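Okay, so here's the structure we're looking at.
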Amino acid sequence: MFSNIELCHLIPHSEKMCLLDTVKQWNSDSIVCITQTHQKNDNPLRNNGSLPVSALIEYGAQAMAVHGALIAKYLTEQMQEGYLAALKNVNFYQNFDINNIASPLIVKATRKFASQGNMIYEFSVASEDTDLISGRATIVAVFNN
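Using numbering that gives the first Met the number 0, you'd call the opening residue of the sequence shown number 0 and step up by one each time.
See the structure below:
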């Protein structure tokens, strides 16, 4: 639906830090993204050659950012720049590095609350039928004067 290059224009991340490959589907409430960037040796979240499962929080955050940008662009909801302000109920279902997972990652984010640019999302990342991480994130809008 949307390529990595198109997604990089929607969020403030670029080049290798833009971690999502494509948007599989989205609507006003949720988004599903697919990526294989966890397999790349030059992934900027790698540390000593390893990509920890905790790095998937950034994958979820980028799905939320893309979702907000798509809503603003196509559904004419006014969106402000937002920042990840809090994480809650983060569950790590696997306790290992994820760079050896051969299948694509499925990154989902569902908007549960939105008011004046502030949002609460539930997110998850899985590989095929294996849950890797899930949680809840609060995004706080920043209004530029």
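Every residue, glycine too, gets a C-beta built ideally from N, C-alpha and C.
Keep in mind the model is a prediction, meaning the values are calculated, not measured.
What does a CB cutoff of less than 6 angstroms around residue i pick up in its chain, not counting 5 residues either side in sequence?
{"i": "C32", "result": "L19, V22, A62, V106"}
{"i": "N88", "result": "G134, R135"}
{"i": "Q24", "result": "V31"}
{"i": "I119", "result": "K111, F112, T137"}
{"i": "Y73", "result": "none"}
Output the distance between the C-alpha atoms of residue i and residue j, rounded to the nearest integer angstrom.
{"i": "A108", "j": "F122", "result": "4 angstroms"}
{"i": "N47", "j": "A84", "result": "28 angstroms"}
{"i": "E127", "j": "Q35", "result": "12 angstroms"}
{"i": "G59", "j": "N117", "result": "17 angstroms"}
{"i": "N40", "j": "E57", "result": "17 angstroms"}
{"i": "A101", "j": "T129", "result": "12 angstroms"}
{"i": "S9", "j": "V65", "result": "Just to set this straight, residue 9 is Leu in the shown sequence, not Ser. Taking the straight line joining both Cα atoms gives about 6 angstroms."}
{"i": "A71", "j": "S114", "result": "14 angstroms"}
{"i": "L104", "j": "M16", "result": "16 angstroms"}
Apart from the five residues on each side of it in sequence, which residues of its chain come closer than 7 angstroms, Cβ to Cβ, to residue i?
{"i": "F1", "result": "T21, V22"}
{"i": "L50", "result": "H37, N42, L44, D96, I97, N98"}
{"i": "V139", "result": "G81, Y82, A84, N117"}
{"i": "L131", "result": "V52, L55, Y92, Q93, I97, V124, A125"}
{"i": "N26", "result": "none"}
Compute the beta-carbon to beta-carbon distance between residue i and residue j, rounded to the nearest angstrom, for a pair I have assumed lies under 8 angstroms.
{"i": "V141", "j": "E80", "result": "5 angstroms"}
{"i": "A136", "j": "L86", "result": "6 angstroms"}
{"i": "V52", "j": "N94", "result": "7 angstroms"}
Looking only at its chain, what residues have a beta carbon closer than 8 angstroms to the beta carbon of residue i, apart from the 5 residues adjacent to it on each side?
{"i": "D28", "result": "T109, R110"}
{"i": "E5", "result": "none"}
Enumerate, from N- to C-terminal direction, the unbroken alpha helix (DSSP H) stretches of 4 or more residues contained entirely within the region 0-69.
3-7
Which parts of the region 78-107 are runs of the beta strand (DSSP E), unbroken and 3 residues or longer, counting only runs that do not cross its ends?
80-91
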